[in-house]
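Structure record follows, encoded as structure tokens.
In the numbering used here, the protein residues as written are 101 to 399.
Dropping the structure here:
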């Protein structure tokens, strides 16, 4: 198995390959932004083009935030997707619909509406392509003879509330307060995947806040992609102790001005003795900057 944590700036896009099997978890935003001369940001679509990949066996969208889902339509222009799994599906009559994005709504609410529009457009494209589209189901997903994925989802009420808010939007009853409510919990709707290959376990938790999934019993892993781009809410000492990873990856841009990745998170990871990798050109503890299109692992 190989893993590529693609440098999409502020966002997630993770390419997994095992033999001829190809899988992508999230696809970044519709723009990677300008990271300056030290950054080698690249869209998920361009990275797959560069790797010569024109077909994905599986595309997983962890949740409907633009920095994870905004690159969907660009991706579908260059890649055929055999199977697509997500945590929310509207009725087919809404696939391809475009919802208004009112100027008076908050930035968070508007961002969610923009994410929904990309998603609805992508669903229509995938329907035309003949993609198998389905809701992710918790449990074990056999992927290849050597690779399986364990899928974890939070309790059903959070998904029911998400669906109710989106339904109001689709029926032209969008409410700014409801969308702000959704913006507050949508990260915890993330599909959490645990990839298992031979003796290696890789945790890909989307943007799930640490206090949400640390209440579960989680076995140790070899590598974890920190949720929520290394914000202060991404990890706690208790969760890091449970995971006990050898390697930590943070998908984040080098232009954030909001303490992201948080200095306290970086210190916590380093004090545990984990090897730490950051997708964009962020100086390490010695001030050294690494430039890369993606962080690559052979497992």
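Heads up, the beta-carbon is just placed ideally off N, CA and C, and yes, glycines get one too.
Please state if the CB of residue j and the CB of residue i are separated by a distance shorter than 8 Å.
i: residue 128; j: residue 104; result: no
i: residue 179; j: residue 142; result: no
i: residue 244; j: residue 119; result: yes
i: residue 393; j: residue 140; result: yes
i: residue 354; j: residue 310; result: no
i: residue 276; j: residue 219; result: no
i: residue 192; j: residue 158; result: no
i: residue 335; j: residue 302; result: no
i: residue 346; j: residue 322; result: yes
i: residue 349; j: residue 369; result: no
i: residue 292; j: residue 259; result: no
i: residue 360; j: residue 316; result: no
i: residue 226; j: residue 285; result: no
i: residue 215; j: residue 279; result: no
Run through DSSP, which three-state label would residue i get?
i: residue 199; result: coil
i: residue 249; result: strand
i: residue 109; result: coil
i: residue 242; result: strand
i: residue 394; result: strand
i: residue 234; result: strand
i: residue 378; result: strand
i: residue 389; result: coil
i: residue 194; result: helix
i: residue 123; result: strand
i: residue 215; result: helix
i: residue 258; result: helix
Report the residue from the options whose alpha carbon sits nearest the alpha carbon of residue i.
i: residue 288; options: 227, 162 and 146; result: 162
i: residue 101; options: 108, 110, 111 and 116; result: 116
i: residue 231; options: 156, 312 and 196; result: 156
i: residue 196; options: 293, 321, 348 and 217; result: 217
i: residue 199; options: 304, 187, 189 and 221; result: 221
i: residue 241; options: 165, 146 and 250; result: 250
i: residue 312; options: 339, 319 and 174; result: 339
Is the Cβ of residue i closer than 8 Å to any Cβ of chain C?
i: residue 258; result: No chain C is part of this structure, which consists of one protein chain only.
Run the CB neighbour count on residue i, radius 10 Å, all protein chains shown included, and call it buried at 16 or more, exposed below.
i: residue 108; result: buried
i: residue 379; result: buried
i: residue 367; result: exposed
i: residue 267; result: exposed
i: residue 352; result: buried
- Message: Restricting to runs no shorter than 3 residues, where is the beta strand (DSSP E) found entirely within the region 273-361?
- Response: 292-297, 300-304, 323-325 and 347-350
- Message: So within the region 138-190, which uninterrupted beta strand (DSSP E) runs reach at least 3 residues, ignoring any that extend past its ends?
- Response: 158-160 and 183-186
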